[in-house]
Amino acid sequence: MQLIRSDINVDFIGKRKFALIISGIMLLVSLGALATKGLNFGIDFTGGTLVEVKFEKAPAITDVRSAISPKGYGNAVIQEFGAPEEILIRVQNKEAENSSVISTAILDGLAEKFGADAIEMRRVEFVGPQVGEELTRAGIMAVLIAMLAILIYVTFRFEFRFALGADAALLHDITIVLGLFALTGKEFSLPVIAALLTVIGYSLNDTIVVFDRIRENFAANRKRKNPLDENLVVNDSINQTLSRTLMTSVTTLLVVLALFLLGGEVIHDFAFALIAGIFVGTYSSIYVASPVMLALAGRFKGNEDEIKEMEARP
Amino acid sequence: MHSFPRWKYGLILTVLVVSLMGALPNLTTPPSWWPSALSTPMTLGLDLKGGIHLVLDVDVDKAVSHSVAGDIDTARQALRKERIRYSKLSNDNSSMTVVIREAGEIDAAQQVLQENFNTYTISNPAGSTFVLNLKPETAKELKKFAVDQAIEVIRNRIDALGTTEPTIIKQGERRILVQIPGFEDSARAKDLIGRTAQLEFKLVDEKGDLDKALSGSIPPGDIIMYGPDQTRNGKSYRQPYLLKRHTELSGNEIADARVSIDSRYNEYAVTLKFNTKGARKFDKLTAAHVGERFAIILEGTVNSAPVIRERIAGGSAQITGSFSPEEAHDLAIILRAGALPAPVKVVEERSIGPSLGQDSIDQGVNSILIGSALVLIFMGIYYRMFGMVANVALVFNMLLILAAMSIIGGTLTLPGIAGIVLTIGMAVDANVLIFERIREELSLGKTPLAAIDGGYDKALSTIVDANITTLIAAIVLFQFGSGPVKGFAVTLSVGILASMFTAITVTRGIIAFATAKRNRIEKLSI
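These protein sequence lines map, in sequence, to chains A and B.
Okay, so the first sequence: first residue is 6 according to the numbering used here, each after it adds one.
Okay, so the second sequence: first residue is 35 according to the numbering used here, each after it adds one.
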């Protein structure tokens with residue numbers, strides 16, 4: 006079976022202006038959403054308390070609120086979580102309060118109103134303000150360092166302009182996935198950072214496969230008597246790897262969809278980030294990484310020997 | 035076709051056998067002769083097992099200032115002994131200030147201070163003033179000691195709960211990670227761990243005027259402390275006491291603490307037994323102050339202030355209150371385990387109820403099974419025989435991940451399961467790359483065997499490049515991630531490495547084995 010005919014020849018590079026417009030719009034919308042709505046940071050970053058409780062039978066949200074109001078948490082965020090019996094309660098940290106007792110007070114309040122046997126503690130998370138700051142810093146550092154390390158590796162294996170193309174695709178993907186989180190208001194938590202880094206790895210994986218083929222074809226092209234235009238060689242390379250690009254996206258998407266639909270509420274947003282990342286990652290490896298690399302042609306050409314030496318690497 | 039070296043078949047078989055053996059403990063208890071390195075099952079993280087996860091911050095600065103405050107007493111006594119008069123003796127967090135009254139005694143004072151305080155740097159900014167600053171290395175030592183001692187105390191308290199395999203380890207310089215698997219009562223755990231359990235015995239100043247003291251004129255050497263919250267006439271109220279500042283006895287002098295029944299009110303109480311030194315002090319104290327009251331102060335609150343009716347030689351005291359059996363039990367535990375050297379604060383908690391953990395396991399296993407079934411079917415349809423070969427490699431890959439996680443003692447978390455699911459999707463990528471390349475070679479007119487060689491050779495560098503970049507992301511994640519995220523990084527890394535072996539070497543081996551006896555192959559099922 007074959008989804009993509011082996012002699013396929015789509016003019017990807019010719020349509021790069023069109024792709025530029027699409028990417029531009031997606032990036033603008035994402036940045037706009039990030040600037041206006043912002044990310045819905047979870048307690049991992051803001052600090053705060055989260056209590057997940059399973060009730061014997063689905064309670065009314067107002068009853069839950071009136072149960073915890075006497076304890077001083079009437080302004081908590083209360084929502085259903087996956088099923089009507091499961092309720093998620095979120096409270097911000099207060100200054101100068103031993104915040105770790107909030108969860109105890111909330112559970113006590115619920116037990117008083119609904120009866121201790123009618124509720125079950127599913128999860129308690131509490132992140133102090135200082136830890137929240139540390140996690141935020143560590144998260145940002147992780148993304149930056151991953152990008153830097155990848156830039157170094159790709160520069161070492163390819164040319165510098167390839168590395169810039171790859172990092173442009175990465176920035177593009179991360180911005181759009183973040184934009185989606187801002188637009189949908191989904192919670193941005195620590196596992197989502199992990200998903201983002203995986204998206205980085207995945208998007209890069211795709212880009213590298215295309216770049217590898219470009220490098221191979223560039224080397225072959227140089228040996229010809231009348232070398233073809235770089236744009237043409239790049240376009241051929243993308244077409245040659247198209248089948249693989251789509252295949253891998255499909256298999257990865259299959260498992261991530263399984264995770265999204267069956268993995269449970271806790272892992273839901275994590276899987277969402279991965280799905281979004283696979284789509285934009287596949288798109289960017291075709292329409293962003295290579296065009297950026299081509300646009301930078303000639304700017305970072307060292308001497309010819311260096312390029313020959315680079316192409317001789319396996 | 036290139037020959038597939040015999041040692042590689044051996045390698046594949048060895049890895050297969052070790053993987054099977056390493057994975058077995060996850061399904062059933064292995065027989066006793068099983069190699070010990072392969073006998074441990076994978077550890078489940080708290081998010082799957084359920085339990086309490088706390089990160090505590092030790093207020094180490096308090097430990098230092100507490101120690102300095104103790105040194106002030108030493109200074110006072112030393113100066114008095116040498117009959118050196120001072121007009122000021124004060125301390126803040128890490129320094130003491132002494133002002134000597136008579137100019138003629140300055141030299142003597144300097145000598146006394148130098149003899150007693152070699153852990154301080156002593157400066158003499160003005161003629162009669164000495165400033166003693168705690169040496170940084172001493173402060174550091176005190177902080178480290180405070181954290182280590184806090185770990186010891188907390189371990190004793192948790193052990194008394196009788197739970198299995200709690201984890202109590204130092205994290206960074208001043209934090210402590212506490213994990214209690216299978217324990218649900220987060221409120222009780224936090225209360226048990228977080229209480230300082232500072233116990234003090236002070237004499238009540240019977241001659242002092244409490245009302246005057248409350249209005250501001252506290253007699254020198256005295257201190258006002260309060261009893262527990264009570265409701266009187268519908269108003270919240272705390273009984274004030276005027277006490278001597280000096281602590282006569284402390285929790286350090288307790289040998290044992292047990293739950294008892296207070297015979298007067300038939301209530302739960304905790305009976306303390308002093309150690310030899312404490313008993314002797316208590317004996318002397320009660321002998322000298324018959325008719326006066328002494329206050330038992332627990333964590334800064336006056337628990338009670340009974341009258342000393344007679345000299346008490348036996349060396350025991352009782353703490354009462356309207357305790358529930360569990361409260362009395364826990365109080366006895368923390369008094370027995372000793373006081374925390376400095377206050378601790380919970381800065382992070384991630385506790386999971388047992389039902390959520392089980393749900394997460396079920397859902398995780400479901401996603402793995404369904405996700406991989408989908409991939410297996412898809413590969414089989416798309417690449418036919420070669421797809422089936424890739425499928426064998428994929429199953430091998432999952433087995434290898436399971437075994438590797440068990441052998442290296444990795445912890446499986448919920449994000450870790452997500453990492454495995456993701457690896458399944460990405461593991462076939464290497465095979466997709468190879469098979470697509472073989473198809474290309476075939477369409478260029480190469481013979482089937484040459485096409486297989488070409489496909490594997492040309493795809494190899496791409497596979498390595500692509501996987502190393504993902505590995506970089508995973509390693510960075512491991513370095514910076516905390517808790518669950520680390521679990522994801524571990525399974526992702528293990529999965530990537532395992533998939534490179536199975537997708538390249540194992541599939542090649544199977545294909546080589548299947549085509550070995552045949553000289554010509556007309557068509558590939560790809």
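Heads up, the beta-carbon is just placed ideally off N, CA and C, and yes, glycines get one too.
Which class does Lys-307 (chain B) belong to by DSSP, given the choice of helix, strand or coil? Here DSSP, grouped into helix, strand and coil, assigns Lys-307 (chain B) to strand.
Using a cut-off of 7 Å between C-beta atoms, extract the partners of Arg-542 (chain B) located in chain A. Under a criterion of Cβ atoms nearer than 7 Å, no residue of chain A is adjacent to Arg-542 (chain B); the nearest Cβ is some 18 Å distant.
Cβ neighbour criterion (16 or more within 10 Å) applied to Ser-53 (chain B): Around the beta carbon of Ser-53 (chain B), 16 or more other beta carbons lie within 10 angstroms, which makes this residue buried.
Tell me the DSSP secondary structure of Ser-108 (chain A) in three-state form. DSSP places Ser-108 (chain A) within a helical segment (H, G or I) once states are collapsed to three.
In whole angstroms, give me the CA-to-CA distance for Arg-232 (chain B) and Asp-172 (chain A). The sequence shown places Gln at residue 232 (chain B), rather than the Arg named in the question. Taking C-alpha positions only, Gln-232 (chain B) is separated from Asp-172 (chain A) by approximately 57 Å.
Nearest-angstrom Cα distance between Tyr-158 (chain A) and Val-510 (chain B)? One C-alpha to the other measures close to 14 Å.
Only counting the same chain, and skipping five residues up and downstream in sequence, which positions put a Cβ closer than 6 Å to that of Tyr-417 (chain B)? Close CB contacts of Tyr-417 (chain B) within its chain, under the 6 Å cut and outside five residues either way in sequence, are with Phe-469 and Ile-560 (chain order).
Please list, in chain order, all residues of the same chain as Thr-447 (chain B) whose beta carbon is under 6 Å from its beta carbon, the five residues on each side excluded. Within its own chain, the residues whose Cβ lies closer than 6 Å to the Cβ of Thr-447 (chain B), once the five positions on either side in sequence are excluded, are Gly-79, Asp-81, Pro-518 and Gly-521, listed in chain order.
Does Pro-449 (chain B) have its Cβ less than 8 Å from a Cβ in chain A? By this cut-off, Pro-449 (chain B) is an interface position.
Could you check whether the Cβ of Lys-224 (chain B) sits closer than 8 Å to any Cβ belonging to chain A? True, the Cβ-Cβ gap to chain A drops below 8 Å.
Below 8 Å on the Cβ atoms is my contact criterion, and I expect Val-94 (chain B) with Lys-177 (chain B) to pass it. Report the Cβ-Cβ distance as a whole number of Å. Yes, they are in contact, since the Cβ atoms of Val-94 (chain B) and Lys-177 (chain B) sit about 4 Å apart, within 8 Å.
Going by the beta-carbon positions, is the gap between Leu-306 (chain B) and Ala-351 (chain B) smaller than 8 Å? Yes, they are a contact pair.
Could you give the first and the last residue of the continuous beta strand (DSSP E) run that contains Ile-210 (chain B)? Segment 209 to 215, the beta strand (DSSP E) holding Ile-210 (chain B).
Determine the DSSP secondary structure at Ile-346 (chain B), reduced to helix, strand or coil. Coil.
Going straight from the alpha carbon of Arg-327 (chain B) to that of Lys-204 (chain B), what length do you get? Approximately 42 Å, taken between the alpha carbons.
Distance between Met-126 (chain A) and Leu-112 (chain A) (C-alpha atoms, nearest Å): In a straight line, the C-alpha of Leu-112 (chain A) is about 8 Å away from that of Met-126 (chain A).
Residues sharing a beta bridge with Pro-274 (chain B), DSSP: Its beta-bridge partners are B:Tyr-260.
Helix or strand or just coil, what does DSSP make of Gln-145 (chain B)? In this structure, Gln-145 (chain B) counts as helix in the three-state DSSP scheme.
Under a Cβ-count criterion, where at least 16 other Cβ atoms within 10 Å of its own Cβ denotes burial, should Lys-299 (chain B) be classed as buried or exposed? First, the residue type needs correcting, since residue 299 (chain B) is Tyr and not Lys in the sequence shown. Per the 10 Å Cβ criterion, exposed.
If we cut at 8 Å on Cβ distances, does Ala-154 (chain A) have a partner in chain B? Answer yes: the Cβ-Cβ gap between Ala-154 (chain A) and chain B drops below 8 Å somewhere.
Considering only the alpha carbon of each residue, which of B:Gly-268, B:Met-534 and B:Ser-527 lies closest to Ala-7 (chain B)? A question about residue 7 (chain B) goes unanswered here, because the residues of chain B that appear run from 35 up to 560.
Specify the secondary structure class of Phe-235 (chain B) as computed by DSSP and reduced to three states. Three-state DSSP puts Phe-235 (chain B) in a strand.
Sorted by chain position, which residues of the same chain lie with C-beta nearer than 8 Å to Ser-128 (chain B)'s C-beta, five sequence neighbours on each side aside? Excluding the 5 residues flanking it on each side, Ser-128 (chain B) has same chain C-beta neighbours closer than 8 Å at Val-98, Ser-99, Val-102, Asn-167, Leu-168 and Ala-173, in chain order.
Following the continuous beta strand (DSSP E) through Ala-291 (chain B), name the residue where it begins and the one where it ends. It spans 288 to 296 - the beta strand (DSSP E) in which Ala-291 (chain B) sits, taken as one unbroken run.
Would you verify that the beta carbon of Glu-470 (chain B) is, or is not, closer than 8 Å to some beta carbon of chain A? For Glu-470 (chain B), the answer is yes, since a Cβ of chain A falls inside 8 Å of its Cβ.
Less than 8 Å separating the beta-carbons of Thr-457 (chain B) and Ile-435 (chain B)? The answer is yes: Cβ separation under 8 Å.
Between the C-alpha atoms of Arg-114 (chain B) and Asp-141 (chain B), what's the straight-line distance to the nearest angstrom? So the two alpha carbons sit approximately 15 Å from each other.
Own chain, CB closer than 6 Å to Val-524 (chain B), minus 5 neighbours either side, in chain order: Closer than 6 Å at Cβ, skipping near neighbours: Gly-444.
Please identify the residue among B:Ala-322, B:Asn-400, B:Thr-320 and B:Val-462 whose C-alpha is closest to the C-alpha of Met-413 (chain B). Ranking the options by Cα distance to Met-413 (chain B), first place goes to B:Val-462.
Can you find a CB in chain B that lies within less than 8 Å of the CB of Asp-241 (chain A)? Among the residues facing chain B, Asp-241 (chain A) is not included, as its CB has no counterpart in that chain under 8 Å away.
Less than 7 Å between C-beta atoms, sequence neighbours within five positions excluded: which residues of the same chain meet that for Lys-191 (chain A)? Cβ within range, chain order: Asn-45, Asp-274 and Phe-277.
Check whether the Cβ atoms of Lys-236 (chain B) and Thr-281 (chain B) sit closer than 8 Å, and answer yes or no. Contact: yes.
Over the uninterrupted alpha helix (DSSP H) stretch that includes Thr-131 (chain B), give me the two end residues. No alpha helix (DSSP H) holds Thr-131 (chain B); the beta strand (DSSP E) holding it covers 129 to 134.
What is the DSSP secondary structure of Glu-61 (chain B), reduced to helix, strand or coil? Note that residue 61 (chain B) is Leu in the sequence shown here, rather than Glu. Correct three-state label for Leu-61 (chain B): coil.
Is the CB of Thr-41 (chain A) under 8 Å away from at least one CB in chain B? Judged by the 8 Å Cβ criterion, Thr-41 (chain A) is not in contact with chain B.
Pull up the distance between the alpha-carbon of Ala-133 (chain B) and that of Thr-163 (chain B), whole angstroms please. It should be noted that the sequence gives Val, not Ala, for residue 133 (chain B). Cα-Cα distance, rounded: 4 Å.
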